[in-house]
Every structure is written in structure tokens, then in C-alpha cells.
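Converting from the sequence shown to our numbering requires adding 2 to each position, the first position being numbered 1.
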Amino acid sequence: MLHKKTKDIVVGLDAGTNKICTVVSERDSDGILHILGIGHAPSQGLRKGLVINAEKTVEAIKKSIIQAEEIAGVEINSVFAGIAGGHIQSIKSHGVVPISGDGGEITEIDIRKVLDAAKAVSLPIEREIIHVIAQEYSVDGQGGIMSPRGMFGTRLEVAVNVVTASVSSAQNIIKSINRANIDVESIVLQPIASSMATLTQEEKESGVVLIDIGGGTTDFAVFADGSLRHSGVIAIGGDHVTNDIKIRFNIPATRAEDVKIKFGCALSSMVNENEEFILPGMFGYPARSMLRKDLSEVIEARMSEIFEIVKHEIDKTNYSNQIGAGIVMTGGASLMLGTLEMANSIMHVPVRLGIPSGLPGLNEDYQSPIYSTGVGLVLFASQQGEYGHYMVDDDSFFYKVVHSMREMVKKYF
Ligand SMILES: Nc1ncnc2c1ncn2[C@@H]1O[C@H](COP(=O)(O)OP(=O)(O)OP(=O)(O)O)[C@@H](O)[C@H]1O
Ligand SMILES: [Mg+2]
3 MLHKKTKDIV VGLDAGTNKI CTVVSERDSD GILHILGIGH APSQGLRKGL
53 VINAEKTVEA IKKSIIQAEE IAGVEINSVF AGIAGGHIQS IKSHGVVPIS
103 GDGGEITEID IRKVLDAAKA VSLPIEREII HVIAQEYSVD GQGGIMSPRG
153 MFGTRLEVAV NVVTASVSSA QNIIKSINRA NIDVESIVLQ PIASSMATLT
203 QEEKESGVVL IDIGGGTTDF AVFADGSLRH SGVIAIGGDH VTNDIKIRFN
253 IPATRAEDVK IKFGCALSSM VNENEEFILP GMFGYPARSM LRKDLSEVIE
303 ARMSEIFEIV KHEIDKTNYS NQIGAGIVMT GGASLMLGTL EMANSIMHVP
353 VRLGIPSGLP GLNEDYQSPI YSTGVGLVLF ASQQGEYGHY MVDDDSFFYK
403 VVHSMREMVK KYF
């Protein structure tokens, strides 16, 4: 039965390479989010974070939405959708405004204005702003300020990272969701969403790298002094590991996925030299035994490649020596035995697994790194007021999507 009022419902849609997952939550009168239900469907229409088959993507979105509606007992009209892919870029910008308020006290309006000024960058026609992330504020020339609200002065400045997406790649996601009869309220960079479900404020202050290894991509994001400083996407994920196993042992992909999950280990030194497992027979081939060490060596080669690239990317930034809280790993492939140990051996910092937890209604099955992005999307949606840095550009294509949805909501409530 569909009984909840739509306005209390916040929905996140994570369109991943492996699964489309819809997380439905409800905000109670105290503003606390309760997870009402999660729907998921296998995804086949995306590659490297991009839509490559619209029909399959729309079908999977519909399935995941319908399942989520049934479990949660609500009708879903709009979602916050994650976005990733190699088309995401980040540029630095800067804004300055006079402080307008009474007696020079900085208010939310001044902060909004200075962020607006900072996002006035000239962009090629095919690029659109998805986030404007404050790095540091200055009041009358005094820098290093993270939260200027309530301070006094005459001039407010901000340095920002402007995150942009390719309009066509973003439109493909938005249109696929629209074709499932769902509005998109906002699009959110996937690692920002995942970080909201997995990182503590303390870790973000101390400096931390979030690494989300999914099926088709590995996203990483560097936080320092409480803010997102750098992010990137590598077009390699757990599916490449499966493919390597398939080729090396000449077995079908489904079987390769199976043995990877059951017997795989990312660090072959953790596996006993002589340990064997049985690969069941199929297609007329008899069952055969395999050395777990051989399997792990294939996995290790690919997983170490992923971490070496992430390390190289982070070393190129100014933040490699500012990650006191180490690494938080999330995404389905981080469930692989030995992954945390491997990350530690390559990056030489503490590593932990990032799992969404602590939300009322989030049952154990979903307290898994597979759901970090989906759960993070509803957290983003409910907290973005406080996260003034993460804004959808008001004048943009994306804003029009949001705007039309809001107009529609106004008509009904
Ligand atoms: N227990 C496990 N052990 C090892 N690997 C696993 C396990 N469970 C899932 N995986 C792997 O995780 C990957 C899928 O992860 P996830 O669900 O986070 O991807 P996605 O979000 O759909 O993809 P992407 O973020 O790349 O678009 C697959 O490669 C799968 O084989
Ligand atoms: Mg993912």
C-alpha cells in the first residue's frame, strides 16, 4: 500500500556498472533519516560509469525502483542520482564579495553569494558544473577559514574547486531515469555520496583517501582539513579481475566471478602454497582442482595495478603527506580477502573498510560496501543544506531539472 507523503521521502539512485540500487528513506519530524527499503537490479547498460545501452539501463532502473517502492510502501517520484566516469573534471576558481549584513556579520547569504561568484568560470558549451566545493575562506585578507559564518568583516573571499561533468554523459543518466518516469532532483558525484556514508568528520579533518572499487571503475577522493580536495576515476574495477580469471583459466565469466568471490585473495602471500579448491565441471569438461595460489596471483596482478595508479594520482597532488587518517576502502571489490592488506602494503598508511551503518532501518544485509554510494546519496540529499559547498548550479541545465520538479511538488502540496 502506498501511504507516505512524497515530501518526507528522500530517494537515492546509484546507477553502477554492476547493479542499480534505489535507497528509499523518510525524514522524521526531528530530521532523522530512516531507511524504508532498498531495491536493486543487475545493471548491464553501463560501462565505466557511462550509459552505453539506454534501453537496458532504463529497464534496470525501473526494476530497482519498483522493488524499492514495494519494499518501502511508497511511491517514488524523484531521486538524487550518482554520477561518475572519466568525464568528470575539477578546476580551481576564486570569488570575492563585500559583506552585506548588519554590522558586517557574515551570514549564510554572504556565503551563498561568494560561492556564486566563484563558480562564474567560463566553460566549454559541453561542460556543466555539478559541485562547487569551498577549499578555504578569507575575511578581509585573513585566510585559512573553513566556516566564516558569524565572523565580522567587510570583504569575504573563497577559493573553490569547481567539479564539472560532460553535459551529454550527465544527460544520458538523467534521461534514462526520466524514461523510467522518475524526476532527477540533483546529480551527485559518486565518491562524495560514498564519503557521506562511510567517513567520519574526524577522518575528513585529519586527512583521508576514500577508494571505492566497484565493478567497472575505481573512484577515489582525498579529504583534508574537513573538505574534499581532489577526486578522480580510474576505469578499472572488480570486473577486470573477473575477466582476467576467465581468460587465465579459460572458464566462463559467471564461473570466474564465482571462484573469485569464494576462493579469491588479493594478496597471494596470504594464501597457503598447496591449498586447492575444486572447479566444478561444466559444458562436458570434468571437474578439476586448482591451486588457490594461482588464482590469487591473477587477482593480485590486477588489484595491485589499481592501487599503484591511485597512489600515483595522489602523489601528484599536494595531499599525499596530509592523509593522517589513512585509507577507507569501499565498493563491492573491497570485500575481496586481502584487499585491505594490499592497499596497506602499497600506500603505507592504515586502511579500513568503509561500510554504511548507524542509520535506523538499514538492515544488516545492506551494511555492506556495495551500498555505500546509494545510502550516501540519501544522506547527501538530507544534509545538503548544511553542506553548502556541494551545490547544484542554479542557472544550469541541472537546475532546470530540479526546478521543474519543485514546481510540480508545489502544485500537489
Ligand atoms: N564478496 C566479494 N568478494 C570479491 N569481490 C566482490 C564481492 N562482492 C562483490 N564483489 C565485486 O564487486 C564488484 C561490484 O561492486 P559494486 O556493486 O560496488 O559495483 P558498482 O557500483 O555496480 O560499479 P561501479 O561503481 O564501478 O559503476 C564486482 O566486480 C564484484 O565481483
Ligand atoms: Mg559503484
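Glycine included, each C-beta is placed from N, C-alpha and C at the ideal position.
In this structure, what does DSSP give as the bridge partners for residue i?
{"i": "E138", "result": "A161"}
{"i": "S92", "result": "V165"}
{"i": "S291", "result": "I280"}
{"i": "L381", "result": "DSSP lists no partner for L381."}
{"i": "M331", "result": "I213 and L355"}
{"i": "H133", "result": "V165"}
{"i": "I311", "result": "I311 is not bridged to any residue."}
{"i": "F154", "result": "E107"}
{"i": "I147", "result": "Y139"}
In chain order, what residues of the same chain lie with their CB nearer than 8 angstroms to the CB of residue i, ignoring the 5 residues before and after it?
{"i": "G228", "result": "M148, Q203, K206 and E207"}
{"i": "T156", "result": "P100, I101, G106 and D142"}
{"i": "T219", "result": "T19, K50, G51, A86, G87, V235, I236, A237, I238 and G239"}
{"i": "I68", "result": "G41"}
{"i": "P362", "result": "I34, L35, H36 and I37"}
{"i": "L201", "result": "V210, L212, F225, V330 and G356"}
{"i": "I189", "result": "F82, A83, G84, I85, I132, A167, A172, I175, I176, V394 and F400"}
{"i": "V93", "result": "One detail in the question is off: residue 93 reads as Ile in this sequence, not Val. These residues qualify, in order along the chain: V123, N163, V164 and T166."}
{"i": "I108", "result": "I101, V141, P150, R151, G152, M153, F154, G155 and L158"}
{"i": "G103", "result": "T109, I111 and D112"}
{"i": "A182", "result": "V60, I63, K64 and I67"}
{"i": "E299", "result": "S270"}
{"i": "N245", "result": "A255 and A258"}
{"i": "I184", "result": "L15, I63, I67, I78, N79, S80 and V81"}
{"i": "I73", "result": "V26, L38, G39, I40 and G41"}
{"i": "A345", "result": "I213, F309, I329, M331 and V353"}
{"i": "V307", "result": "At residue 307 the sequence reads Glu, which differs from the Val that was named. Result list for E307: I238, in chain order."}
Assuming residue i contacts residue j under a Cβ cut-off of 8 angstroms, what Cβ separation, rounded to an integer in Å, is found between them?
{"i": "P371", "j": "S347", "result": "With 8 angstroms as the limit, P371 and S347 do not qualify as a contact, their Cβ atoms being about 20 angstroms apart."}
{"i": "L117", "j": "V160", "result": "6 angstroms"}
{"i": "S170", "j": "E138", "result": "The Cβ separation is near 33 angstroms, so there is no contact."}
{"i": "Q369", "j": "S384", "result": "19 angstroms between Cβ atoms; not a contact."}
{"i": "I301", "j": "S291", "result": "In fact, because the Cβ distance is near 18 angstroms, the residues do not count as touching under 8 angstroms."}
{"i": "M338", "j": "A258", "result": "Incorrect: roughly 13 angstroms between the Cβ atoms, too far for contact."}
{"i": "I62", "j": "S45", "result": "The amino acid occupying residue 62 in the given sequence is Ala; Ile does not appear at that position. That belief holds up - the Cβ atoms of A62 and S45 are roughly 5 angstroms apart, short of 8 angstroms."}
{"i": "V261", "j": "M305", "result": "Not quite, the Cβ-Cβ distance comes to about 15 angstroms (not below 8 angstroms), so this is no contact."}
{"i": "V351", "j": "I325", "result": "6 angstroms"}
{"i": "L230", "j": "G266", "result": "No, L230 and G266 are not in contact; Cβ-Cβ is about 32 angstroms, not under 8 angstroms."}
{"i": "F309", "j": "M349", "result": "7 angstroms"}
Please list, in chain order, all residues of the same chain as residue i whose beta carbon is under 7 angstroms from its beta carbon, the five residues on each side excluded.
{"i": "G334", "result": "N20, G216, G217, G240, P371 and I372"}
{"i": "G146", "result": "E138"}
{"i": "V53", "result": "G47, T59, N174, I175 and S178"}
{"i": "E343", "result": "L269 and M272"}
{"i": "K65", "result": "A43"}
{"i": "A199", "result": "P358, S374, V377, G378 and L381"}
{"i": "I316", "result": "V211, V224 and S322"}
{"i": "R250", "result": "V300"}
{"i": "I263", "result": "none"}
{"i": "V313", "result": "Note that residue 313 is Lys in the sequence shown here, rather than Val. So the qualifying residues of the chain are I348 and M349."}
Looking only at its own chain, which residues have a Cβ that is under 6 angstroms from the Cβ of residue i, when we skip the five neighbours before and after it?
{"i": "A195", "result": "G84, T375, G378, L379 and F382"}
{"i": "E277", "result": "R294"}
{"i": "G97", "result": "V116, A119, A120 and V160"}
{"i": "M272", "result": "G340"}
{"i": "L15", "result": "T24, V81 and A83"}
{"i": "S233", "result": "P193 and A223"}
{"i": "T256", "result": "none"}
{"i": "I11", "result": "E28 and V76"}
{"i": "D221", "result": "A86, Q192, P193, D214 and V235"}
{"i": "P282", "result": "A289"}
{"i": "Q91", "result": "T166"}
{"i": "L364", "result": "I37"}
{"i": "I22", "result": "A43, S45, A62, I63 and S66"}
{"i": "V13", "result": "V26, I78 and V81"}
{"i": "V134", "result": "L117, K121, V162, V164 and M393"}
If we cut at 8 angstroms on Cβ distances, does residue i have a partner in chain C?
{"i": "A303", "result": "No chain C is present in this structure, which holds just one protein chain."}
Residues surrounding ligand 1 [beta-carbon distance to nearest heavy atom under 5 angstroms] | This criterion selects G18, T19, N20, K21, G216, G217, G218, T219, G239, G240, D241, I263, G333, G334, A335, L337, M338 and I372.
At what residue ranges does the segment 5-46 contain a whole run of the beta strand (DSSP E), taking only runs of 3 or more?
-> Here the runs fully enclosed are 11-17, 21-29 and 35-44.
Quick one: complete beta strand (DSSP E) runs, 3+ long, within the segment 162-249?
-> Fully enclosed beta strand (DSSP E) runs of 3 or longer: 185-191, 210-215, 220-226 and 229-236.
Run through the segment 45-106 for me and flag every whole alpha helix (DSSP H) of 4 or more residues, listed as ranges in chain order.
-> For the segment 45-106, whole alpha helix (DSSP H) runs of length 4 or above, ordered along the chain, are 56-74.
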